[in-house]
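Here our numbering is used: the first residue of the sequence shown is 3, the next is one more, and so on.
No residue lacks a Cβ here, since even glycine has one placed at the ideal position from N, Cα and C.
Remember, predicted model here, so these are calculated numbers, not experimental data.
One structure is given below, encoded as structure tokens.
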Amino acid sequence: MTYMLTNEHNQKTGRGRGIQGSSFASLLIIAVFALSTMAASTGGGDSDTQETARQLYNNGTEKLRDGKLREAESYLQSAVASQNEKVQGPALYNLGHVRFKTGLEELKKSPEGSSAGPRSSQALDTGSGAIKALDEALVSDDVKAMVAAYQRGRGARKELKGATDAVKRAMQTYGSVLTKWQRASGDFKSTAEMNSADKDAQTNAELVDRSIAKLVDTQQMMMQNQGQMDKQKQELRDKMKKLKGKLPQEMAPPGGPGGDEDDDDEDDKKPKEPKAGMEEGPSKDGKERQLTPEEAERLLGMLKLDGNRKLPLGMKETGEKKEDRKRKDW
Numbered sequence: 003m004t005y006m007l008t009n010e011h012n013q014k015t016g017r018g019r020g021i022q023g024s025s026f027a028s029l030l031i032i033a034v035f036a037l038s039t040m041a042a043s044t045g046g047g048d049s050d051t052q053e054t055a056r057q058l059y060n061n062g063t064e065k066l067r068d069g070k071l072r073e074a075e076s077y078l079q080s081a082v083a084s085q086n087e088k089v090q091g092p093a094l095y096n097l098g099h100v101r102f103k104t105g106l107e108e109l110k111k112s113p114e115g116s117s118a119g120p121r122s123s124q125a126l127d128t129g130s131g132a133i134k135a136l137d138e139a140l141v142s143d144d145v146k147a148m149v150a151a152y153q154r155g156r157g158a159r160k161e162l163k164g165a166t167d168a169v170k171r172a173m174q175t176y177g178s179v180l181t182k183w184q185r186a187s188g189d190f191k192s193t194a195e196m197n198s199a200d201k202d203a204q205t206n207a208e209l210v211d212r213s214i215a216k217l218v219d220t221q222q223m224m225m226q227n228q229g230q231m232d233k234q235k236q237e238l239r240d241k242m243k244k245l246k247g248k249l250p251q252e253m254a255p256p257g258g259p260g261g262d263e264d265d266d267d268e269d270d271k272k273p274k275e276p277k278a279g280m281e282e283g284p285s286k287d288g289k290e291r292q293l294t295p296e297e298a299e300r301l302l303g304m305l306k307l308d309g310n311r312k313l314p315l316g317m318k319e320t321g322e323k324k325e326d327r328k329r330k331d332w
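What follows is the structure, encoded as structure tokens:
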């Protein structure tokens with residue numbers, strides 16, 4: 003998918019032409035010049051607040067030109083919040099560019115953004131082939147074919163699990179990008195509402211909305227693939243378990259009930275092991291035992307602090323000062 007914002011503003015509008023390439027940067031320089039010229043023409047009649055709003059806008063536009071999107075967004079948001087009518091429209095317009103470009107870069111940097119779809123499709127094809135092999139092995143008496151089908155099913159389940167994880171990560175990225183693009187669309191639409199003659203803002207809003215629609219379509223396709231992969235994993239698990247029961251014991255894969263076909267599911271459900279030193283040690287005979295009331299009372303007495311003793315803070319000494327060990331007892 004190709005995402006690009008374009009408009010046909012001439013130089014006096016002082017706003018960006020596109021979201022890619024050198025033309026976008028050059029017209030952003032014009033944006034800075036436009037508000038600087040406006041400030042000079044109005045002279046001393048502007049208040050300090052108006053001057054600050056223009057400076058925030060110019061700083062934000064400069065950061066956008068330099069590719070420092072986070073700083074650009076902060077400056078431009080502040081310019082919009084200044085309620086300066088002369089600055090709000092251009093600031094919102096450039097803010098739309100910032101947010102669209104931020105989402106676009108996030109999409110490009112995500113390793114799963116472009117690979118999760120093909121990977122999930124490949125995993126589904128592998129799973130379908132493995133299911134077919136298992137079906138054939140279940141009605142066959144060829145032990146070698148049954149073992150080969152079982153191993154193929156195990157490989158398919160692992161591939162499906164990896165593809166499912168990639169899809170989940172891609173879905174998280176898509177959600178984040180959609181949020182940014184929806185805000186960019188809102189920025190352009192707000193600009194158009196403030197100035198009905200601003201056709202470029204309306205055009206960019208429509209372009210962003212089309213980009214959002216494409217990404218939503220991709221997101222829905224991913225969700226469908228994820229559902230199909232989950233279904234295939236379960237089908238493979240059931241058929242592998244059935245095939246394992248048909249194999250001679252000496253040819254069966256190692257492991258307890260369920261064996262290899264349960265490995266992937268157990269990885270997700272297995273509770274975390276306690277960290278070293280955190281587990282409670284057993285008694286000497288290997289079994290845990292309850293403390294008697296007398297033992298519990300004695301233990302509590304040992305833990306109680308002396309009435310004149312304070313809890314330690316940092317490296318300072320607490321309680322009564324210990325006798326100097328070097329001092330001899332005469």
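- Please work out which residues of its chain come closer than 8 Å, Cβ to Cβ, to A168, disregarding the five sequence neighbours upstream and downstream, and give them in chain order. Within the sequence shown, residue 168 is the residue found at index 166, counting from 1. Contacts found: E114, S117, A118, R121, S122.
- Item | Neighbourhood of L66 by C-beta distance below 7 Å, restricted to the same chain and skipping five residues each side | As a first step, residue 66 must be located in the sequence shown, where it is residue number 64. For L66, same chain residues with a beta-carbon under 7 Å away, outside a window of 5 residues either side, are L30, A74, N96, H99, V100 in chain order.
- Task: Excluding the 5 residues preceding and the 5 following A215 in the sequence, name in chain order all residues of the same chain whose CB lies nearer than 7 Å to its CB.
- Result: Mapped onto the sequence shown, residue 215 falls at position 213. Cβ neighbours of A215 beyond the five flanking positions: none.
- Query: Quick one: what does DSSP say G155 is sitting in, helix, strand or coil?
  - Reply: The residue given as residue 155 occupies position 153 in the sequence shown. Assignment of G155 by DSSP, reduced to helix, strand and coil, places it in the helix class.
- Message: Which same chain residues end up closer than 6 Å to G105 when comparing Cβ atoms and leaving out the 5 residues on each side of it in sequence?
- Response: Looking up residue 105 in the sequence shown gives position 103. So the list reads V179, K182, W183, once near-sequence residues are dropped.
- Task: Can you have a look at V89 and say buried or exposed, based on whether 16 or more other CB atoms are within 10 angstroms of its CB?
- Result: By 1-based counting over the sequence shown, the position of residue 89 is 87. It counts as buried.
- The alpha helix (DSSP H) spanning D211 covers which residue range? Along the sequence shown, read from residue 1 onward, the residue named residue 211 stands at position 209. 201-248 is the extent of the alpha helix (DSSP H) around D211.
- Query: Taking 7 Å as the cut-off, does the CB of E114 come closer than this to any heavy atom belonging to the ligand COA?
  - Reply: Summarising the ligand content, the structure contains no ligands, and the ligand COA is consequently not present.
- Message: Let me confirm a value: E252 is counted as buried when at least 16 other C-beta atoms fall within 10 Å, else exposed. Which label applies?
- Response: In the sequence shown, residue 252 corresponds to position 250, counting from 1. Label assigned to E252: exposed.
- Message: What does the Cβ neighbour count give for L136, buried or exposed, with the cut at 16 atoms within 10 Å?
- Response: Mapped onto the sequence shown, residue 136 falls at position 134. Looking at its Cβ environment, which holds 16 or more other Cβ atoms inside 10 Å, L136 is buried.
- N96 (DSSP reduced to helix, strand or coil): The residue you call residue 96 lines up with position 94 of the sequence shown. Helix, per DSSP.
- Message: I'd like the ranges of any beta strand (DSSP E) spanning at least 3 consecutive residues and lying wholly in the segment 99-157.
- Response: DSSP runs (the beta strand (DSSP E)) wholly in the segment 99-157: none.
- Give the single residue among A139, R185, S192, G164 whose Cα lies nearest to the Cα of Y152. Numbered from 1 along the sequence shown, position 150 holds the residue referred to as residue 152. Checked all of A139, R185, S192, G164; the closest Cα to Y152 is A139.
- Do M148 and L209 come within 8 Å of each other at the CB atom, strictly closer than that value? As a working mapping, residue 209 is identified with position 207 in the sequence shown. As a working mapping, residue 148 is identified with position 146 in the sequence shown. No. Outside cutoff.
- If you run the structure through DSSP and keep just helix, strand and coil, what is K163? Counting from one through the sequence shown, the residue named residue 163 turns up at place 161. In the structure shown, K163 sits in a helix (DSSP, three-state: H, G or I).
- Query: Grouping DSSP H, G and I as helix and E and B as strand, with all else coil, what is N197?
  - Reply: Here residue 197 is taken as the residue at index 195 of the sequence shown, counted from 1. Three-state result, N197: coil.
- Task: Excluding the 5 residues preceding and the 5 following S130 in the sequence, name in chain order all residues of the same chain whose CB lies nearer than 8 Å to its CB.
- Result: Within the sequence shown, numbered from 1, the residue matching residue 130 stands at position 128. So the qualifying residues of the chain are Q234.
- Message: With a threshold of 6 Å on Cβ separation, who are the neighbours of Q204 within its own chain once the five nearest residues in sequence on each side are excluded?
- Response: Counted from its first residue, the sequence shown places residue 204 at position 202. Only A194 meet the Cβ criterion.
- Beta-carbon contacts of K111 that lie in its chain and below 8 Å, excluding the five residues immediately before and after: Residue 111 sits at position 109 when you count from the first residue of the sequence shown. Excluding sequence neighbours, K111 sits near nothing in its chain.
- Message: Pop quiz: G62 and A93 are said to be a contact at Cβ under 8 Å. What is the actual Cβ separation, rounded to whole angstroms?
- Response: Indexing the sequence shown from 1 puts residue 62 at position 60. Indexing the sequence shown from 1 puts residue 93 at position 91. Contact flag correct, Cβ pair sits at about 7 Å.
- Task: Enumerate in chain order the residues of its own chain whose CB-to-CB distance from E108 is below 8 Å, with the five nearest sequence positions on each side excluded.
- Result: Taking the first residue of the sequence shown as 1, we reach residue 108 at position 106. Take E108, set aside five residues on each side of it, and the residues of its chain with a beta-carbon closer than 8 Å to its own are T175, S178, V179, K182, in chain order.
- Query: Considering only the beta carbon of each residue, do K248 and I133 sit closer than 8 Å?
  - Reply: Translated into positions along the sequence shown, residue 248 becomes position 246. Translated into positions along the sequence shown, residue 133 becomes position 131. I133 sits away from K248, with the two beta carbons spaced by 8 Å or more.
- Anticipated Cβ contact below 8 Å, M224 with A172, distance rounded: Locating residue 224 in the sequence shown gives position 222, where the first residue counts as 1. Locating residue 172 in the sequence shown gives position 170, where the first residue counts as 1. So it is a contact: roughly 6 Å between Cβ atoms.
- Buried or exposed by the 16-neighbour rule on C-beta atoms within 10 Å, applied to D127: Stepping through the sequence shown from its first residue, residue 127 is reached at position 125. D127 should be labelled exposed.
- For E252, which of helix, strand or coil comes out of DSSP? Walking along the sequence shown from the start, residue 252 turns up at place 250. If DSSP states are grouped into helix, strand and coil, E252 belongs with coil.
- Message: So S84 and A55 are supposed to be a Cβ contact under 8 Å. How far apart are they, rounded?
- Response: As a first step, residue 84 must be located in the sequence shown, where it is residue number 82. As a first step, residue 55 must be located in the sequence shown, where it is residue number 53. In this structure, S84 and A55 form a Cβ contact; the two beta carbons are roughly 4 Å apart against a cut-off of 8 Å.
- Task: Indicate the three-state DSSP secondary structure (helix, strand or coil) for N60 in the structure shown.
- Result: Within the sequence shown, the letter at position 58 stands for residue 60. Helix.
- Message: Can you find the residues in the same chain that come closer than 7 Å, C-beta to C-beta, to S142, ignoring five residues on each side of it along the sequence?
- Response: Here residue 142 refers to the residue found at position 140 when the sequence shown is read from its first residue. Annotation for S142: M148 place their beta carbon closer than 7 Å to its own, counting only its chain and skipping 5 residues before and after.
- Item | Helix, strand or coil at S192 [DSSP, three-state] | Counting from 1 along the sequence shown, the entry for residue 192 is found at position 190. Look at S192 here: in three-state DSSP terms it is helix.
- Query: According to the neighbour-count rule (16 or more other Cβ atoms, all chains shown, within 10 Å of its Cβ), is D232 buried or exposed?
  - Reply: Counted from its first residue, the sequence shown places residue 232 at position 230. By the neighbour-count criterion, in which 16 or more other beta carbons inside 10 Å mark a residue as buried, D232 falls on the exposed side.
- Query: By Cβ distance, which residues of its chain are closer than 8 Å to L238, with the 5 residues on each side in sequence left out?
  - Reply: Locating residue 238 in the sequence shown gives position 236, where the first residue counts as 1. These residues qualify, in order along the chain: G129, A132, I133, L136, G155, A158, R159, L162, E263.
- Using a Cβ-Cβ cut-off of 8 Å (strictly less than) and excluding sequence neighbours within five positions of F190, which residues of its own chain qualify? The residue given as residue 190 occupies position 188 in the sequence shown. Here the set comprises L94, Y95, G98, A203, Q204, N206, A207, V210.
- Look at the Cβ atom of Q79, then the Cβ atom of T166, and state whether they are nearer than 8 Å. As a first step, residue 79 must be located in the sequence shown, where it is residue number 77. As a first step, residue 166 must be located in the sequence shown, where it is residue number 164. Taking 8 Å as the cut-off, the beta carbon of Q79 is found no closer than this to the beta carbon of T166.
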